[in-house]
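Using my numbering, the first residue of the sequence shown is number 1, and each one after it goes up by one.
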Amino acid sequence: MRLCALLFASALAGGAALAQAPAAQGDVGALLAGVREIAAPGIPGPLCLFRPSAFAVVLGKTGNGIYEPVVAGARLGRGRVVAFGHTGYFAPSALNTADTGRLMLNAVRWARGAGDGARPVAVRGHGGLLSFLREHGVGAQALGGPRWMAQLGRFSALCLDPTSLRGEQEIAAVRRFVENGGGLVVMGLGWGWLQLNPGKALPSDHPGNLLLAPAGIAWADGMFQRTSRVGFAAGQTPPPLAHAGQALDALEAHAAGKKQLSKTELAQAVAVVSRAARTLPLDEEQFQPRLARLCARFAEQAVPRPDAPLGQDKPLARLALTVELQRLRRLPPEEITAHPAAKFFPGPVPDDAPRVTAKVEIDTARRGWHSTGLYAPPGELVVLRAPERAVGKGLWLRIGAHSDSLWQKPSWRRCPEVCWRAPIASGQTRLANPFGGLVYVEVPARCKLGRVTVTISGCVNAPHFVLGKTKLSEWRASIRQRPAPWAELQTSKVVLTVPSRVVRELDDPEELLRFWDRVMDSAAELAAIPKERELAQRYVCDVQISAGYMHSGYPIMTWLDVAPVIVDLATLKRQAHGGVWGLFHELGHNHQSPDWTFDGTVEVTCNLFTLYILDNVCGIPPREARACLSENGREKLLRRYFARGAKFSDWKRDPFLALIMYVQLQEAFGWEAYKNVFAEYRQLAPSERPRSDAEKRDQWLVRFSRAVGRNLGPFFQAWGVPTSEEARKSLADLPVWMPEGFPPK
1 MRLCALLFAS ALAGGAALAQ APAAQGDVGA LLAGVREIAA PGIPGPLCLF RPSAFAVVLG
61 KTGNGIYEPV VAGARLGRGR VVAFGHTGYF APSALNTADT GRLMLNAVRW ARGAGDGARP
121 VAVRGHGGLL SFLREHGVGA QALGGPRWMA QLGRFSALCL DPTSLRGEQE IAAVRRFVEN
181 GGGLVVMGLG WGWLQLNPGK ALPSDHPGNL LLAPAGIAWA DGMFQRTSRV GFAAGQTPPP
241 LAHAGQALDA LEAHAAGKKQ LSKTELAQAV AVVSRAARTL PLDEEQFQPR LARLCARFAE
301 QAVPRPDAPL GQDKPLARLA LTVELQRLRR LPPEEITAHP AAKFFPGPVP DDAPRVTAKV
361 EIDTARRGWH STGLYAPPGE LVVLRAPERA VGKGLWLRIG AHSDSLWQKP SWRRCPEVCW
421 RAPIASGQTR LANPFGGLVY VEVPARCKLG RVTVTISGCV NAPHFVLGKT KLSEWRASIR
481 QRPAPWAELQ TSKVVLTVPS RVVRELDDPE ELLRFWDRVM DSAAELAAIP KERELAQRYV
541 CDVQISAGYM HSGYPIMTWL DVAPVIVDLA TLKRQAHGGV WGLFHELGHN HQSPDWTFDG
601 TVEVTCNLFT LYILDNVCGI PPREARACLS ENGREKLLRR YFARGAKFSD WKRDPFLALI
661 MYVQLQEAFG WEAYKNVFAE YRQLAPSERP RSDAEKRDQW LVRFSRAVGR NLGPFFQAWG
721 VPTSEEARKS LADLPVWMPE GFPPK
């Protein structure tokens, strides 16, 4: 592994605390015997190692080039533990890939300890792993039933998913089993658990983290990229800076001037320690106090600003900000104060702005964020009072619209997380956000509460216009001048979240929002879905977003320079490029279907919605929407593509080249053809839906051909888009169609 060579070559000379302990090196050698590469089932995530008893076995790589453990081991009492960073490592598909099975056998044998082959290995709930172990000569038995804890003494080792443990009694039983000499092989996935357990936290609620905290292992949030063809390269002892505890040793030595870390080492150490800061409980007694003392020295530097981002040139200040945010996140709301960065983003609230109490009616038939027209000042307490029938029903109080997390970005123009939320679990919900933000009530899907009225206090009023409810005269007279730094323009179909400064002079939000409703209705028409939406689309402008210039999702995120475009009706109507194209492009992503989006078309089929909206709402036909779609632009791209042999690999790499193919179909058969085909896909039974990329291409060919009554097989072949002979033969009864003058000579 080149990573190991790099980090070992630059390891800190003479630092005993930073070197892998000889015992751990021997353990790694035993676990990696005969192992050179292991699988990556799904998208594995990192393990955090924070005590000397834990050690890395195999590393994964994050998107910013940081290496962290995907497999780790530890000694706990008289027992041994091996942990894997994905729930798929017990599955036959992973065990039969590369050397994963050998690593699993090594893990089970090492965990059992020397000379304990007489007692069997217990497998709790994973039949594929049980069969695999038996096939390879390991005495293994299934462990289940209500009295499974009482049977643990019969076994030498236990294999399970720790998230299956229910309550402290089961966690304590497994921990005692290991401390008394038993082996434990476990797997889990931090980011996956968070998705399945909204409102819960890895430090305090994840059963595996509660179980293995004494061993110094925790499942963390985050995703890995592969380091080998099928998964992760292995076979060498991982370097010290993949271990958070040893990385903290290195940072302390660096800050004290005792050792000098390179930029690469600093980035690695800070990233690993930052992950630990976000994963471990604040009251962890060994790692956290040392980290707090180190970060206190850099607290004054830990204030990102749009004009002075906090980059990797200040790694310890970034670490200090990380630690401070975790501290704030876990404070009672009454103890939270405004963060110094809040005045730069999202922005300050005037001291003399009146704090108000307002009643807000929530229609729970509509899921998602419900805007309240209120803004929470930074660090000030907000109290929501809800009727008893709404308590414990999945509703949340939320402060902040800027939901993008920036932890992985190399430079922070704002704090990486600025949104706070709390479940409405009692009649009174109290919440404070050190950055402030617009106030929302979140409603889960399939909520049956009907209309609920809540009372919210401690906020200031924000500019908020709701189409069909807000009077235009009141907007012009006062509402647009309300003191909050952020504003929202809302219909039942779309919500625009922009800085208040861009709406202070907006005279007619009604006409603007009617335009945006037509945009939403057009997207629904093409997608063949109802125009009345259960979930309104949201656009949120931000000083920094997690990916790209804009990205899709809920909400659709854009940079701040797009805010004036979103509320400028003339620009929206007349321009097809720049921000306008991007706004409709991301909306298209939110409407495209994987059934008719195959490899190479993710950035193509979304633009069918862009073109349809521009054509249908703005009166800009596809040929005028982009230079590459004009006659001259199209001819240039086509001639170059066909001169190079019309290769599908080239087609997939150029979204605008591929878009020409879709535009040719639109020009020949109209938008109705697309609407009909998309509607047909929506009616498919699960068994009829394409399961592979090849099936997607075949179905797209056949269904579009049948919809327009023409054989498009030769057209697809001319473009170089692969389809099966069977699919093409099925269209032999239809007349062949090809655009005039295509393919170019």
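Each residue gets a CB set at the ideal place from its N, CA and C atoms; glycine is no exception.
Please read these numbers as outputs of a predicted model, since none were measured by experiment.
Item, Value
"Cβ pair count under 8 Å reaching 3, the region 425-439 against the region 470-482", "no"
"Endpoints, the beta strand (DSSP E) within which F84 is located", "G79 to F84"
"Check whether A353 and P483 have beta carbons under 8 Å apart", "yes"
"Proximity below 8 Å, CB of A122 to CB of M149", "no"
"Coarse secondary structure for K258, derived from DSSP in three states", "coil"
"Local Cβ density within 10 Å of P387, reported as buried at 16 or more and exposed below that", "exposed"
"Proximal residues to L130 (C-beta, below 7 Å), its chain only, five neighbours per side dropped", "V123, A140 and A142"
"Member of G188, E135 and T610 whose CA lies at the smallest distance from the CA of D161", "G188"
"Candidates D249, L587, S522 and G222: closest to Q408 by CA position", "G222"
"DSSP state of V174 mapped onto helix, strand, coil", "helix"
"Residue range of the unbroken alpha helix (DSSP H) whose run includes Q141", "It is not in any alpha helix (DSSP H) - Q141 instead sits in the beta strand (DSSP E) that spans A140 to A142."
"Three-state secondary structure assigned by DSSP to D161", "coil"
"Assigned secondary structure, C48 (DSSP; H/G/I helix, E/B strand, else coil)", "strand"
"Neighbourhood of G347 by C-beta distance below 6 Å, restricted to the same chain and skipping five residues each side", "P485"
"Minimum C-alpha distance to A536 - residue among S371, D733, Q666 and F715", "S371"
"Terminal residues of the alpha helix (DSSP H) in which E667 lies", "P655 to R682"
"DSSP beta-bridge partners of Q225", "K61"
"Cβ-Cβ distance between A646 and L614 below 8 Å", "no"
"Exposed unless 16 or more other CB atoms sit within 10 angstroms - verdict on R154", "exposed"
"Within 8 Å, strictly: CB atoms of N711 and V677", "no"
"Distance, G183 Cα to T100 Cα", "19 Å"
"Whole-angstrom distance between G400 and W420, CA atom to CA atom", "7 Å"
"Close-in-space but distant-in-sequence residues of the same chain around T264 (CB under 6 Å, 5 per side omitted)", "none"
"N748, buried or exposed, once every other Cβ within 10 Å from all chains shown has been counted against 16", "Nothing can be reported for residue 748: it is not among the residues displayed for the chain, which extend from 1 to 745."
"C-alpha gap between T322 and A255, whole angstroms", "17 Å"
"8 Å Cβ cutoff met for V185 and V138", "no"
"Pick from P52, P41 and A267 that is closest to L91, judged by C-alpha positions", "Just to set this straight, residue 91 is Ala in the shown sequence, not Leu. Answer by Cα proximity: P41."
"Rounded C-alpha distance that separates R36 from R102", "10 Å"
"Buried or exposed by the 16-neighbour rule on C-beta atoms within 10 Å, applied to A508", "Contrary to the premise, residue 508 reads as Asp rather than Ala in this sequence. Exposed: under 16 other Cβ atoms inside 10 Å."
"Helix, strand or coil at E740 [DSSP, three-state]", "coil"
"Distance between G379 and T429 (C-alpha atoms, nearest Å)", "16 Å"
"CA-to-CA distance, P739 to D733, given in whole angstroms", "19 Å"
"Whole-angstrom C-beta distance between L381 and A432, which should lie under 8 Å", "5 Å"
"A215 versus K61 - alpha carbon distance", "23 Å"
"Contact check, A218 vs C48, beta carbons under 8 Å", "yes"
"DSSP bridge partner residues for M187 (one or two, in chain order)", "F84"
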